[in-house]
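Take a look at the structure below.
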Amino acid sequence: MDFVNEIINSAPELSDVAFISLCLFSFFTSVISAAFGLGGGAMLVTIMASLLNPIAIIPIHAVIQLNSNFFRALMMWRYIQLTWMLPFVIGSIIGVAIGGQVVFALPKYILQGIIGLFILWTLWGPATKAMKASWITFTSVGIFSSFATMFVGGTGPLVAPFVKSTTDERQATVSTHAAFMSWQHGIKILTFGVLGFTFTPYIPLMLGMIVFGIMGTWSGKNILTWMPEKAFKIAFNTVLTILAIRLLWEATKSFLS
6 MDFVNEIINS APELSDVAFI SLCLFSFFTS VISAAFGLGG GAMLVTIMAS
56 LLNPIAIIPI HAVIQLNSNF FRALMMWRYI QLTWMLPFVI GSIIGVAIGG
106 QVVFALPKYI LQGIIGLFIL WTLWGPATKA MKASWITFTS VGIFSSFATM
156 FVGGTGPLVA PFVKSTTDER QATVSTHAAF MSWQHGIKIL TFGVLGFTFT
206 PYIPLMLGMI VFGIMGTWSG KNILTWMPEK AFKIAFNTVL TILAIRLLWE
256 ATKSFLS
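Just so you know, we're using the numbering used here here: the sequence shown kicks off at 6 and counts up by one.
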(Lines of atoms letter the chains of each structure in order from A and count residues from 1; the text may use other names and numbers.)
(Lines give C-alpha, C1' and ligand atoms only; values in the text may rest on other atoms or scores of the structure.)
Protein backbone atom coordinates (compact mmCIF):
# COMPACT_ATOMS: atom_id res chain seq x y z
CA MET A 1 0.00 0.00 0.00
CA ASP A 2 2.86 2.37 0.82
CA PHE A 3 4.32 1.64 -2.64
CA VAL A 4 1.02 2.52 -4.31
CA ASN A 5 0.76 5.74 -2.30
CA GLU A 6 4.32 6.62 -3.25
CA ILE A 7 3.48 6.21 -6.93
CA ILE A 8 0.30 8.27 -6.66
CA ASN A 9 2.04 11.05 -4.74
CA SER A 10 5.01 11.22 -7.14
CA ALA A 11 3.49 13.79 -9.51
CA PRO A 12 4.24 17.37 -8.39
CA GLU A 13 1.36 19.17 -6.68
CA LEU A 14 -1.14 16.40 -7.43
CA SER A 15 -3.44 14.86 -4.81
CA ASP A 16 -4.42 11.18 -4.60
CA VAL A 17 -7.95 11.98 -5.75
CA ALA A 18 -6.65 14.02 -8.71
CA PHE A 19 -4.28 11.21 -9.76
CA ILE A 20 -7.04 8.58 -9.75
CA SER A 21 -9.50 10.97 -11.40
CA LEU A 22 -7.13 11.69 -14.29
CA CYS A 23 -6.68 7.95 -14.90
CA LEU A 24 -10.44 7.40 -14.97
CA PHE A 25 -11.02 10.40 -17.23
CA SER A 26 -8.33 9.05 -19.55
CA PHE A 27 -10.45 5.91 -19.93
CA PHE A 28 -13.73 7.69 -20.62
CA THR A 29 -12.29 10.26 -23.03
CA SER A 30 -10.51 7.46 -24.93
CA VAL A 31 -13.85 5.68 -25.28
CA ILE A 32 -15.32 8.84 -26.79
CA SER A 33 -12.41 9.38 -29.19
CA ALA A 34 -12.41 5.78 -30.40
CA ALA A 35 -16.19 5.69 -30.86
CA PHE A 36 -16.64 9.06 -32.57
CA GLY A 37 -13.15 9.77 -33.91
CA LEU A 38 -12.59 12.90 -31.84
CA GLY A 39 -13.72 14.80 -28.77
CA GLY A 40 -11.84 12.95 -26.07
CA GLY A 41 -8.64 14.95 -26.38
CA ALA A 42 -10.38 18.31 -26.10
CA MET A 43 -12.39 17.10 -23.11
CA LEU A 44 -9.30 15.68 -21.39
CA VAL A 45 -7.24 18.86 -21.71
CA THR A 46 -10.11 20.80 -20.10
CA ILE A 47 -10.17 18.38 -17.16
CA MET A 48 -6.38 18.41 -16.83
CA ALA A 49 -6.43 22.23 -16.71
CA SER A 50 -8.29 22.08 -13.41
CA LEU A 51 -6.08 19.43 -11.79
CA LEU A 52 -2.50 19.78 -13.08
CA ASN A 53 0.25 22.35 -12.81
CA PRO A 54 -0.41 24.78 -15.72
CA ILE A 55 3.12 24.32 -17.10
CA ALA A 56 2.60 20.56 -17.37
CA ILE A 57 -0.87 20.50 -18.96
CA ILE A 58 0.00 20.63 -22.68
CA PRO A 59 3.17 18.43 -22.58
CA ILE A 60 1.51 15.68 -20.49
CA HIS A 61 -1.66 15.89 -22.56
CA ALA A 62 0.48 15.34 -25.68
CA VAL A 63 1.89 12.10 -24.24
CA ILE A 64 -1.54 10.77 -23.32
CA GLN A 65 -3.01 11.72 -26.68
CA LEU A 66 -0.11 10.16 -28.58
CA ASN A 67 -0.87 6.89 -26.81
CA SER A 68 -4.63 7.14 -27.36
CA ASN A 69 -4.33 8.00 -31.05
CA PHE A 70 -1.51 5.56 -31.77
CA PHE A 71 -3.36 2.57 -30.33
CA ARG A 72 -6.57 3.63 -32.04
CA ALA A 73 -4.69 3.77 -35.35
CA LEU A 74 -2.95 0.46 -34.59
CA MET A 75 -6.22 -1.32 -33.86
CA MET A 76 -7.71 -0.13 -37.15
CA TRP A 77 -4.56 0.08 -39.29
CA ARG A 78 -6.21 -1.64 -42.26
CA TYR A 79 -8.52 1.36 -42.75
CA ILE A 80 -5.87 4.12 -42.60
CA GLN A 81 -5.64 6.20 -45.79
CA LEU A 82 -2.10 7.47 -46.35
CA THR A 83 -2.73 9.72 -49.37
CA TRP A 84 -2.40 13.03 -47.52
CA MET A 85 -0.25 11.87 -44.58
CA LEU A 86 3.09 13.23 -45.82
CA PRO A 87 2.01 16.85 -46.46
CA PHE A 88 0.26 16.89 -43.08
CA VAL A 89 3.41 15.65 -41.30
CA ILE A 90 5.57 18.21 -43.10
CA GLY A 91 3.11 20.94 -42.13
CA SER A 92 3.07 19.67 -38.53
CA ILE A 93 6.85 19.95 -38.24
CA ILE A 94 6.74 23.52 -39.51
CA GLY A 95 3.78 24.48 -37.30
CA VAL A 96 5.26 23.05 -34.10
CA ALA A 97 8.62 24.69 -34.82
CA ILE A 98 6.94 28.08 -35.19
CA GLY A 99 4.65 27.53 -32.20
CA GLY A 100 7.59 26.55 -30.04
CA GLN A 101 9.13 29.98 -30.59
CA VAL A 102 6.09 31.91 -29.36
CA VAL A 103 4.37 29.41 -27.07
CA PHE A 104 4.60 31.74 -24.09
CA ALA A 105 3.69 34.94 -25.94
CA LEU A 106 0.41 34.48 -27.83
CA PRO A 107 -2.90 34.67 -25.89
CA LYS A 108 -4.59 31.28 -25.83
CA TYR A 109 -8.10 32.69 -26.30
CA ILE A 110 -7.27 34.05 -29.75
CA LEU A 111 -6.52 30.59 -31.11
CA GLN A 112 -9.51 29.09 -29.29
CA GLY A 113 -11.81 31.58 -30.97
CA ILE A 114 -10.29 31.08 -34.42
CA ILE A 115 -10.51 27.29 -34.18
CA GLY A 116 -14.08 27.37 -32.89
CA LEU A 117 -15.27 29.63 -35.71
CA PHE A 118 -13.40 27.63 -38.34
CA ILE A 119 -14.92 24.32 -37.21
CA LEU A 120 -18.45 25.73 -37.38
CA TRP A 121 -17.73 27.20 -40.81
CA THR A 122 -16.37 23.95 -42.23
CA LEU A 123 -19.33 21.99 -40.84
CA TRP A 124 -22.21 24.32 -41.64
CA GLY A 125 -20.86 27.03 -43.94
CA PRO A 126 -21.41 27.17 -47.73
CA ALA A 127 -17.78 26.22 -48.47
CA THR A 128 -17.95 22.80 -46.80
CA LYS A 129 -18.79 20.90 -49.99
CA ALA A 130 -16.25 22.89 -51.98
CA MET A 131 -13.35 21.80 -49.76
CA LYS A 132 -10.82 19.98 -51.96
CA ALA A 133 -7.93 17.84 -50.80
CA SER A 134 -4.48 18.80 -52.04
CA TRP A 135 -0.87 19.03 -50.90
CA ILE A 136 -1.34 22.71 -50.16
CA THR A 137 -4.51 22.08 -48.17
CA PHE A 138 -3.08 19.37 -45.92
CA THR A 139 0.27 21.09 -45.48
CA SER A 140 -1.59 24.23 -44.40
CA VAL A 141 -3.81 22.23 -42.03
CA GLY A 142 -0.70 20.62 -40.57
CA ILE A 143 0.99 24.00 -40.06
CA PHE A 144 -1.95 25.79 -38.44
CA SER A 145 -3.24 22.90 -36.31
CA SER A 146 0.27 22.08 -35.05
CA PHE A 147 0.96 25.72 -34.27
CA ALA A 148 -2.31 25.91 -32.35
CA THR A 149 -1.76 22.62 -30.50
CA MET A 150 1.23 24.14 -28.68
CA PHE A 151 -1.27 26.45 -26.92
CA VAL A 152 -4.65 24.71 -26.75
CA GLY A 153 -3.65 21.03 -26.72
CA GLY A 154 -6.60 19.33 -28.41
CA THR A 155 -6.74 20.42 -32.06
CA GLY A 156 -8.21 17.18 -33.36
CA PRO A 157 -11.54 18.94 -34.11
CA LEU A 158 -9.69 21.32 -36.42
CA VAL A 159 -8.16 18.47 -38.44
CA ALA A 160 -11.30 16.30 -38.40
CA PRO A 161 -13.35 18.07 -41.13
CA PHE A 162 -10.49 17.68 -43.60
CA VAL A 163 -10.03 13.99 -42.81
CA LYS A 164 -13.78 13.46 -43.05
CA SER A 165 -13.86 15.07 -46.51
CA THR A 166 -11.35 12.50 -47.83
CA THR A 167 -12.79 9.33 -46.25
CA ASP A 168 -15.95 7.40 -47.12
CA GLU A 169 -16.66 5.30 -44.02
CA ARG A 170 -16.45 5.66 -40.27
CA GLN A 171 -13.53 3.23 -39.74
CA ALA A 172 -11.42 5.09 -42.31
CA THR A 173 -12.32 8.46 -40.78
CA VAL A 174 -11.43 7.42 -37.23
CA SER A 175 -8.24 5.49 -38.07
CA THR A 176 -6.85 8.10 -40.49
CA HIS A 177 -7.58 10.93 -38.06
CA ALA A 178 -5.85 8.94 -35.30
CA ALA A 179 -2.77 8.42 -37.49
CA PHE A 180 -2.60 12.13 -38.32
CA MET A 181 -2.86 13.14 -34.68
CA SER A 182 -0.28 10.53 -33.60
CA TRP A 183 2.30 12.25 -35.78
CA GLN A 184 1.32 15.68 -34.52
CA HIS A 185 1.49 14.79 -30.82
CA GLY A 186 4.77 12.92 -31.29
CA ILE A 187 6.39 15.96 -32.91
CA LYS A 188 4.98 18.16 -30.14
CA ILE A 189 6.45 15.95 -27.39
CA LEU A 190 9.91 16.15 -28.96
CA THR A 191 9.59 19.93 -29.20
CA PHE A 192 8.63 20.36 -25.54
CA GLY A 193 11.61 18.17 -24.62
CA VAL A 194 13.89 20.46 -26.60
CA LEU A 195 12.30 23.49 -24.92
CA GLY A 196 13.34 22.04 -21.55
CA PHE A 197 10.19 20.50 -20.08
CA THR A 198 11.02 17.63 -17.67
CA PHE A 199 8.66 14.69 -18.12
CA THR A 200 10.34 12.44 -15.50
CA PRO A 201 8.33 13.46 -12.37
CA TYR A 202 5.11 12.69 -14.23
CA ILE A 203 6.04 9.21 -15.47
CA PRO A 204 3.80 7.30 -12.96
CA LEU A 205 0.83 9.54 -13.83
CA MET A 206 1.46 9.17 -17.57
CA LEU A 207 1.73 5.36 -17.28
CA GLY A 208 -1.51 5.18 -15.30
CA MET A 209 -3.36 7.34 -17.80
CA ILE A 210 -1.89 5.40 -20.73
CA VAL A 211 -3.05 2.03 -19.35
CA PHE A 212 -6.57 3.32 -18.73
CA GLY A 213 -6.50 5.04 -22.12
CA ILE A 214 -5.70 1.76 -23.89
CA MET A 215 -8.65 0.08 -22.18
CA GLY A 216 -10.88 2.99 -23.18
CA THR A 217 -9.69 2.86 -26.79
CA TRP A 218 -10.49 -0.86 -26.99
CA SER A 219 -13.97 -0.30 -25.58
CA GLY A 220 -14.67 2.60 -27.93
CA LYS A 221 -13.50 0.58 -30.95
CA ASN A 222 -16.13 -2.04 -30.18
CA ILE A 223 -18.81 0.66 -30.05
CA LEU A 224 -17.64 2.01 -33.41
CA THR A 225 -17.83 -1.45 -35.00
CA TRP A 226 -21.57 -1.88 -34.46
CA MET A 227 -22.53 1.79 -34.83
CA PRO A 228 -24.54 2.47 -38.05
CA GLU A 229 -22.85 4.79 -40.58
CA LYS A 230 -25.70 7.32 -40.41
CA ALA A 231 -25.56 7.42 -36.61
CA PHE A 232 -21.79 7.93 -36.73
CA LYS A 233 -22.12 10.92 -39.09
CA ILE A 234 -24.72 12.55 -36.87
CA ALA A 235 -22.66 11.93 -33.73
CA PHE A 236 -19.45 13.10 -35.43
CA ASN A 237 -20.95 16.43 -36.51
CA THR A 238 -22.70 16.90 -33.16
CA VAL A 239 -19.52 16.35 -31.15
CA LEU A 240 -17.60 18.73 -33.41
CA THR A 241 -20.25 21.42 -33.07
CA ILE A 242 -20.34 21.13 -29.27
CA LEU A 243 -16.55 21.34 -29.07
CA ALA A 244 -16.52 24.41 -31.34
CA ILE A 245 -19.12 26.16 -29.17
CA ARG A 246 -17.10 25.27 -26.06
CA LEU A 247 -13.97 26.81 -27.59
CA LEU A 248 -15.84 30.01 -28.42
CA TRP A 249 -17.26 30.15 -24.91
CA GLU A 250 -13.81 29.70 -23.32
CA ALA A 251 -12.34 32.33 -25.66
CA THR A 252 -15.09 34.81 -24.79
CA LYS A 253 -14.66 34.26 -21.04
CA SER A 254 -10.89 34.74 -21.26
CA PHE A 255 -11.27 37.88 -23.39
CA LEU A 256 -13.77 39.46 -21.00
CA SER A 257 -11.91 38.56 -17.81
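Cβ atoms here follow ideal geometry from the backbone N, Cα and C, with glycine treated the same way.
Please read these numbers as outputs of a predicted model, since none were measured by experiment.
What are the boundary residues of the alpha helix (DSSP H) that includes Ala165?
-> Start and end: Gly161 to Ser170.
Measuring alpha carbon to alpha carbon, tell me which of Ile192, Gly147 and Phe24 ends up nearest Asn58.
-> Phe24
Opening and closing residue of the alpha helix (DSSP H) in which Leu43 lies = Premise fails: Leu43 is in no alpha helix (DSSP H) and is neither H nor E.
Would you mind working out which of Pro233, Thr154, Glu255 and Ala39 sits nearest Gly191, comparing C-alpha positions?
-> Thr154
So which of Ser73, Val68, Gly104 and Leu43 has the shortest CA-CA distance to Met211?
-> Closest by alpha carbon: Val68.
Compute the distance between the beta-carbons of Val179 and Val164, then report whether it is under 9 Å.
-> No. Outside cutoff.
With a CB to CB cut of under 6 Å and the five nearest residues on each side skipped, what residues in its chain are close to Ser151?
-> Ser97, Gly100, Val101 and Gln189
Boundaries of the alpha helix (DSSP H) in which Ser20 is found, first to last residue = Per DSSP, Ser20 belongs to no alpha helix (DSSP H) and is neither H nor E.
Cβ separation of Thr34 and Gln86, assumed to be a contact under 8 Å, to the nearest whole Å = Not confirmed; about 25 Å, so no contact.
For Trp223, name the three-state secondary structure that DSSP assigns.
-> helix
To the nearest angstrom, how far is it from the Cα of Phe149 to the Cα of Ile219?
-> 28 Å
At which residues does the alpha helix (DSSP H) containing Leu57 begin and terminate?
-> No alpha helix (DSSP H) holds Leu57; DSSP gives it neither H nor E.
Using the beta-carbon count (16 or more within 10 Å), is Val36 buried or exposed?
-> Buried.
Cα-Cα, which of Pro209, Trp254 and Glu234 is closest to Asp21?
-> Pro209
From Pro166, Leu27, Thr181 and Ile63, residue whose alpha carbon lies closest to that of Leu195 = For Leu195, the nearest C-alpha among the options comes from Ile63.
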